[in-house]
Structures are given as C-alpha cells and as structure tokens.
Amino acid sequence: FGDRLLFRSRLLPDQDPISTTWNTLGGDPSARRRFLKGQDLWRWWSDWGRTALQPTSGPLTRPPGAGNEAVDWRSNGFYSHFSARAMACEWEVFLNYGQYPDGAEAASQALEVLDHWESLWSVFRADSEISHLNRAGYEQAVPVSAPTFEILQASENLWHLTEGAFDITSGSLSDCWGFLRREGRMPNESELAAALEPVGMDKVQLNAEDRTVRLLHPRTTLNLGGIGKGWTLDLLARNLNREGVLDFAFH
C-alpha cells in the first residue's frame, strides 16, 4: 500500500499555493528538488508563514466522545491530505492539520482497508466474493462474509423502498443497452424481455440463519456498483470515528 499512498500538508486553494509536499508516487522533478532544498518552505515562511503560525487566543476543547486528546490547533488554512486509489477511483481524506495527534495514522489505516472491501465486492476481480457468488450462486447456496451479507441486505431493502428502481441485479439490462461495453445501442422488445427475466431481488434468496445467498435464476448476477463506494465511505468514516477523529472530509 505504501507505493499508492499520498500524504500532503498544504494550504487551501484560495491561499498562497506554495506548499511543502511529500508524494510517495513521485511528481514534478523541479518541485521535488525545491522540496529537498527547502526552497518552497522558505518562500512560504517569508511570505506569511510566521504570521499564520501565531498562537490562537485559546486551546481547542476536546470534542465529545473523541478518543484522542485535542491539541491547540488553528483553523488557519492548513490541512492534511491522504489519498489512495481503489475501485477504479481516487479516495481522499482531509484533516485539519494538527487537530488530532494520531490523525495521520488513523487516516492511513482507514485507506489501507480499501483493498479488502474491493476484494469482496468488485465484479471486475475474478477472485472477489461477489464474482464467486455470481458464478456459483445458482447451483448452490453460497456462504458469504458478514460485511457482504450486510450490504446485500441493505440493497434488498433499497429495492423494496424504491419499488425496484434501485436494483443490484440489473446487469443484464446494462448489457442489453450496451452500457457495460460503452457501446450504447437501442435493444428491441424481445431483447428487453429476455434481459428483464433475471432482474429483481426476488430472484435472490438471503438466508440470515446461515448467512448464505442463493440466486434463483441462472442468469441473475449481482453488481454493487450503485452502492459499494458509498457504503465503503460509511465504513471508513466509522473507522475514523472509532479512532476519535470526528472532523474530516472524505470522498
């Protein structure tokens, strides 16, 4: 994971853009040289850094329920930025610089588990739990992990609440319209009728007693693309809260 993690402390976009940056992925060679020589830091310090780092009028009070002791930090435009790539997109965490003593470690640990969730829910990984379920779920009830069963239950509830508008079994329709191949096409009536046959959460049997899933149609497949990323954000936010980090931006 270390070769995919980016950490940066910098100023907000509407302030002086000069920053001290460490990017484990590498970057602009000239920026790297400036970083190593301390040129950007000196320019920032000369421009306004000494003023920005003046003490505040009082210490920050500890947020209720926080696990980390709050420190004397200032809302002066500084933030810490952590980033990792997973699920075909960039994930970012922003923290107020200096607010949480263990904030960097908590953010890094939150991002490190992205690979785990992707290994469970990505249909683009042949070894994922969802891919295995799509292959074997019609022939037999397939045991799944607790997190996977939980997100499938939530998907089923959303299917009921939206009267079928939200449906993780609609892959055959996406394929019929050419969306999966990025080649949009207009299907005819018979193609649509055939694509609709395996669609619907009523074709998915969830057994909470033994935590198994059974697909009731041979062409039914599950795709968590409509819920997986948002669900993962909630899980990662919960992990940050557990570590006492309550103030953050995450996307």
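The numbering of the sequence shown is this note's numbering, which starts it at 14 and goes up by one. Using N, Cα and C, we set each Cβ at its ideal position, and we do this for glycine too.
Item, Value
"At which residues does the alpha helix (DSSP H) containing ARG148 begin and terminate?", "142–149"
"Around the Cβ of GLN112, are there at least 16 other Cβ atoms within 10 angstroms (buried) or fewer (exposed)?", "buried"
"In chain order, which continuous runs of the beta strand (DSSP E) of length 3 or greater are located wholly inside the region 106–165?", "none"
"Which term fits GLY241, buried or exposed, when burial requires 16 or more other beta carbons within 10 angstroms of its beta carbon?", "buried"
"Have a look at ARG23 and ALA221 and give me their C-alpha separation to the nearest angstrom.", "Since pLDDT at ARG23 reaches only 42, below the 50 mark, its modelled position is unreliable, and no value is offered."
"Can you tell me whether DSSP reads LEU209 as helix, strand or coil?", "helix"
"Taking only three categories from DSSP, how would you classify SER183?", "coil"
"Would GLU142 and SER158 qualify as a contact pair, given that the criterion is a beta-carbon distance under 8 Å?", "yes"
"Alpha carbon to alpha carbon, how far is ALA206 from VAL106? Give it in angstroms, no decimals.", "44 Å"
"Going straight from the alpha carbon of PHE192 to that of PRO114, what length do you get?", "46 Å"
"Put ALA167 into one of helix, strand or coil per three-state DSSP.", "helix"
"Straight-line CA distance for LEU253 to SER93?", "15 Å"
"Identify the continuous beta strand (DSSP E) that holds ASN220 and give its terminal residues.", "217–220"
"Could you work out which residue in ASP215, PHE263 and GLU152 is closest to PRO231 when comparing CA atoms only?", "GLU152"
"Are the Cβ atoms of ALA99 and LEU127 separated by less than 8 Å?", "yes"
"Using only the alpha-carbon positions, how far apart do HIS264 and ARG255 sit?", "18 Å"
"Write down every uninterrupted run of the beta strand (DSSP E) in the region 224–264 whose length is 3 residues or greater and which is fully enclosed by it, in chain order.", "225–228"
"Can you find the residues in the same chain that come closer than 7 Å, C-beta to C-beta, to THR64, ignoring five residues on each side of it along the sequence?", "Caution applies to THR64, whose pLDDT of 49 falls short of 50 and renders its modelled position unreliable; the value that the coordinates give is listed next. Around THR64: no qualifying Cβ."
"Leaving out the 5 sequence neighbours to the left and right, which residues in its chain are closer than 8 Å to SER144 when beta-carbon positions are compared?", "SER135, VAL136 and ARG138"
"Roughly how many whole angstroms lie between the Cα atoms of THR225 and ASP188?", "27 Å"
"Residues in its own chain within less than 6 Å of GLU204 by CB, not counting five upstream and five downstream?", "CYS189"
"Exposed or buried, what is MET199 when buried is set at 16 or more other beta-carbons lying within 10 Å of its beta-carbon?", "exposed"
"Sort VAL217, TYR110 and TRP130 by Cα distance to GLY238 and report the nearest one.", "TRP130"
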